[in-house]
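2 protein chains.
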Amino acid sequence: MTDSWATSGADLHLELRGPGLRSGLMEALREAVRSGRLAPGTRLPSSRSLAADLGVARNTVADAYAELVAEGWLTARQGSGTRVARRTAPRPGPAAGPRAPAGRRPPVRRPPAHTLCPGTPDLGSFPRDAWLTASRRALTAAPHEALGYAGPHGRPELRAALADYLARARGVHAHPDRVVICAGFVHGLRLMARVLRDRRVREVAVESYGLDVHWDLLGGAGLRTPALPFDDHGTRTGDLDRQGALLITAAHQFPLGGALPPDRRAAAVDWARRTGGLVLEDDYDGEFRYDRRPVGALQGLDPERVVYLGTASKSLTPGLRLGWMVLPEDLVGEVLAAKGTSDWVTGTLDQLTLAEFLRSGAYDRHVRSMRLRYRRRRDQLVAALAERSSHIRVSGIAAGLHAVLELPPGTERTVVQAAAWQGLALHGLDRYRHPGVPPGRDALVVGYATPTDSAWPGALDALCRALP
Amino acid sequence: MTDSWATSGADLHLELRGPGLRSGLMEALREAVRSGRLAPGTRLPSSRSLAADLGVARNTVADAYAELVAEGWLTARQGSGTRVARRTAPRPGPAAGPRAPAGRRPPVRRPPAHTLCPGTPDLGSFPRDAWLTASRRALTAAPHEALGYAGPHGRPELRAALADYLARARGVHAHPDRVVICAGFVHGLRLMARVLRDRRVREVAVESYGLDVHWDLLGGAGLRTPALPFDDHGTRTGDLDRQGALLITAAHQFPLGGALPPDRRAAAVDWARRTGGLVLEDDYDGEFRYDRRPVGALQGLDPERVVYLGTASKSLTPGLRLGWMVLPEDLVGEVLAAKGTSDWVTGTLDQLTLAEFLRSGAYDRHVRSMRLRYRRRRDQLVAALAERSSHIRVSGIAAGLHAVLELPPGTERTVVQAAAWQGLALHGLDRYRHPGVPPGRDALVVGYATPTDSAWPGALDALCRALP
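First to last, the protein sequences are chains A and B.
For what it's worth, this note's numbering labels the leading residue of the first sequence as 1, then goes sequentially.
For what it's worth, this note's numbering labels the leading residue of the second sequence as 469, then goes sequentially.
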């Protein structure tokens, strides 16, 4: 564990990544120790095998173990694995109220002072007033029936507003009938995993670098996730073969930061047409391009072979739990059926509010304003690096909410650790590497959008101090 | 199918019951026909076997089939089962935009003019202004981090407000640490099903009458759901044996409408203590009692053996997708772990708003106002029945959002059908009967809360006209 700070409570950044999982798992383990179900000295399963059992990322389990070792619940020793600490674990009394948190947990490490972990927008810039205005307008105008349960398809007002916005802003070939509202990208991916499995798809090709929570989710649904090779131009979509689907961040590779070149976009769509495959386009931050107009979504090339997945998590806040899918016509019924049998989860009022927010132009205004703000931060980051060091450069296009800092070979772990000691939470590139891909270059994935405006200068300073 | 109207688009009333499932399934079937995957003349699986395959209620499939027969997609004939209609099904063109709905679906029957199907509060009474005020206050006061993803436990503000409210209004022994926010009752039940299965529980005892969506969900998680016998005093909890858990509507049996007598409440808790079982208390409408103060929740008797499940779906609107669980201490970790690995679904802004709504007293005021309104409707229903007919009486306690009307033997199907012809959607009692329970008395389950204030008098008139 080089990036020890990244396991602390402030590491709440990647959408649907570790924090909920990890804290749930930690609490489950604490409780098992507390209740005596896990006796002192008991050896725990390896993080790899527990992760496989639970269907979660290995890092999530490893992080939870590490944190509980830090808290004193577990011990870890080379060669003897992770065990329950040999201390008196009081058994809970009968039917008593819960003990006060202070009495029940050993002190935990302090959260870092700064974080540049990617995955979260600047929450301090959430447009509270504009959102409330939209909320009032939407709620005042809605007919009574609109206040009830929205159904698996999602509110028609929101589907119409999204179809219009996505066509205009992202070149998506959209029709409200083909838009399905979901509770964020991962929810959409989970639905697609179920549909693909039901269609007897066995493999979803993924990129060499990405989020393990996505690979784990697909794996948990019984789908293999081989990584496509990549080179300096990006993911080699020309190497696609008999996989049934491809999951790709075409507009802005996460985390590497490149844009898929036109010929590789075409190759992906050609492959899908030729083999009957499906492309799942994760357009998580497509609106944020600083050097030119955003390139349109891949979906526009062939709306019958590309599933477009978008989210409000980067443009507004992950707290909304709102995402959307634009589906090929022949998938709508299957996705609705999968959604119907699995969940009904997105609140109606937020859906109506987002529809009004889009329709009134407030969404465009907010994206424009955030684009300026993030662009400024990215420029400041590039300038600060240029000023203090000649051997660290920013790679990838000027886009999105994160940048990749290329480090001298062999220094990634040290830099992340040095940052942690300075109270700065950072992610190295290696944590995003697909297990099937050999270790590659050393780099940092810097989420410059994550801090609030007031925290940003301090975070940038801390980053510069941590760099070699 | 006696209650043919109940399958129409307006039958959107029972929380998480058929509509989403059914419409998703219908769309999937339409699409399969449209695309040619289901060729004309193909015989479909029986509703029983398809329901078993999909893990849904048989009624859901039967309703979907019936509706598609009505729409002309399928045909049904005694002895030859349900088949794809022999008509030309155009195959979709390549990469075209979706065809206009008008061109793609045969005309559907008109929705009923009135509905008294149970399960939904009066959406016309949703307190829009008070909700917006709470929303503004909550959003203005929230620190930046509160706008991010709320995590599987739920926002601490809401957990604290609920712990306070539930202790005060429902006698729940609650502590914020033990409250877990979920996206409605069914979501909580799904989490509990996973936890029970992981604890090697095999059987969850259920009541003789209830919601098949709950039984199906438990069945889908690998749990058997034997029905407990009932008599004039309610569910015979004294007959509990080696089942691992009991799902019960103690305060107001759904749909029969009785309150579980004190000795049977005690028997349920004694059983749980004796055998290590768990009681899952579905307190869906516990705040609505018209003849006395609401009886406190069963959970108060033994917070370590009873899981309390509540929801905003009846008190506010199912559109919020907000529910809550109050858990025994030793379950918190397991539920959070189950939640963490399965979903992260409840929007932060609604959670913060509901917290403020509770804290400010607006929730109490709204419940008080709805209590008066629903009580008046129930009184009007009883009076209208007394006036026009001597052989139909209302059974059950004066409580909740529905009433049971006892009908002369053998008339239930006829009455539901007569109502359908008059444009009134009604549910008979039989649709809530557990498959293991022999057919019982004839009755209607009348959701007098469902119409808006302006629609209520017309619905009541239509009901009276449909009665024998």
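Each residue gets a CB set at the ideal place from its N, CA and C atoms; glycine is no exception.
A quick note: this is a predicted structure, and the numbers were derived from the prediction, not measured.
Residue-level contact check: His-612/B touches chain A, since one or more beta carbons of chain A fall below 7 Å from its beta carbon. Only residues of its own chain outside the window of five on either side were considered, and among them Ala-183, Gly-184 have a CB closer than 6 Å to the CB of Arg-321/A, listed in chain order. Val-345/A belongs to the set of residues whose beta carbon lies under 7 Å from a beta carbon in chain B. The Cβ-Cβ distance between Ala-673/B and Pro-694/B falls below 7 Å. Proximity to Gly-808/B across Ala-64/A, Ser-49/A, Gly-41/A, Ala-32/A peaks at Ala-64/A, based on C-alpha coordinates.
The Cβ of Pro-121/A sits no closer than 7 Å to any Cβ of chain B.
Nearest neighbour of Gly-492/B by Cα position, chosen from Val-335/A, Ala-113/A, Pro-143/A, turns out to be Val-335/A. Runs of the alpha helix (DSSP H) spanning 4 or more residues and lying entirely within the stretch 819-858 of chain B occur at 830-856, in chain order. The C-beta distance from Pro-156/A to Pro-127/A rounds to 24 Å, too long to fall under 8 Å, and the pair is not in contact. DSSP, reduced to helix, strand and coil, places Tyr-448/A outside both helices and strands of the structure shown, so it counts as coil. Counted as a single uninterrupted DSSP element, the alpha helix (DSSP H) harbouring Val-269/A occupies residues 262-275.
Residues of the same chain with a CB within less than 7 Å of the CB of Gly-436/A, apart from the 5 flanking positions on each side, are Pro-226, Ala-227 in chain order.
Nearest CB-CB separation between Thr-237/A and chain B: not below the 7 Å threshold.
Annotation for Ser-135/A: the continuous alpha helix (DSSP H) segment containing it runs 128-141. In the DSSP assignment, Ser-47/A is bridged to no other residue. Between Cys-117/A and Gly-447/A, the C-beta spacing is below 7 Å.
What Phe-126/A touches in chain B, judged by beta-carbon distance under 8 Å, is His-612, Leu-615, going in chain order. Excluding its 5 nearest sequence neighbours in each direction, Glu-356/A has C-beta neighbours in its own chain below 7 Å: Ala-134, Arg-137, Ala-138, listed in chain order.
With its beta carbon less than 7 Å from one in chain A, Thr-920/B belongs to the interface. Cα atoms of Tyr-900/B and Leu-912/B: separation of roughly 11 Å, rounded to the nearest angstrom. Near chain B, meaning a CB-to-CB distance below 7 Å, no residue of the stretch 264-295 of chain A qualifies. The beta-bridge partner set that DSSP reports for Thr-115/A consists of Ala-425/A. Short of 7 Å from the beta carbon of Gln-422/A, and not among the five residues preceding or following it, lie these beta carbons of its own chain, in chain order: Ala-462, Arg-465, Ala-466. Taking a Cβ-Cβ cut-off of 7 Å, the neighbours of Ser-603/B in chain A comprise Leu-132, Ser-135, given in sequence order. When the alpha-carbon of Leu-327/A is set against those of Phe-288/A, Val-279/A, Arg-359/A, the nearest one is in Val-279/A. Against chain B, the CB of Asp-63/A has no partner CB under 7 Å away; the residue lies outside that interface. Of the residues assessed, Leu-853/B falls on the buried side of the cut-off, its CB having 16 or more other CB atoms within 10 angstroms. Residues of chain A whose Cβ lies closer than 8 Å to the Cβ of Asp-818/B are, in chain order, Gly-347, Leu-349, Asp-350.
Separation of the CB atoms of Ala-399/A and His-252/A is rounded to 5 Å, and the pair is thereby assigned contact status at 8 Å. Contact annotation: Glu-874/B and Ser-863/B have beta-carbon atoms nearer than 7 Å. The continuous stretches of alpha helix (DSSP H) do not include Asp-590/B, and DSSP gives it neither H nor E. With a 10 Å radius around the Cβ and a threshold of 16 neighbouring Cβ atoms, Arg-658/B comes out buried. Under the Cβ distance rule, Glu-625/B does not count among the residues neighbouring chain A, no pair being separated by less than 7 Å. Under a criterion of Cβ atoms nearer than 9 Å, the residues of chain B adjacent to Leu-25/A are, in order, Gly-801, Leu-804, Ala-805, Gly-808, Thr-809.
Residues of chain A with a Cβ closer than 7 Å to the Cβ of Gly-787/B are, in chain order, Leu-147, Gly-148, Tyr-149, Ala-150, Gly-347, Thr-348, Leu-349. In the displayed model, Asp-430/A falls within a helix according to three-state DSSP.
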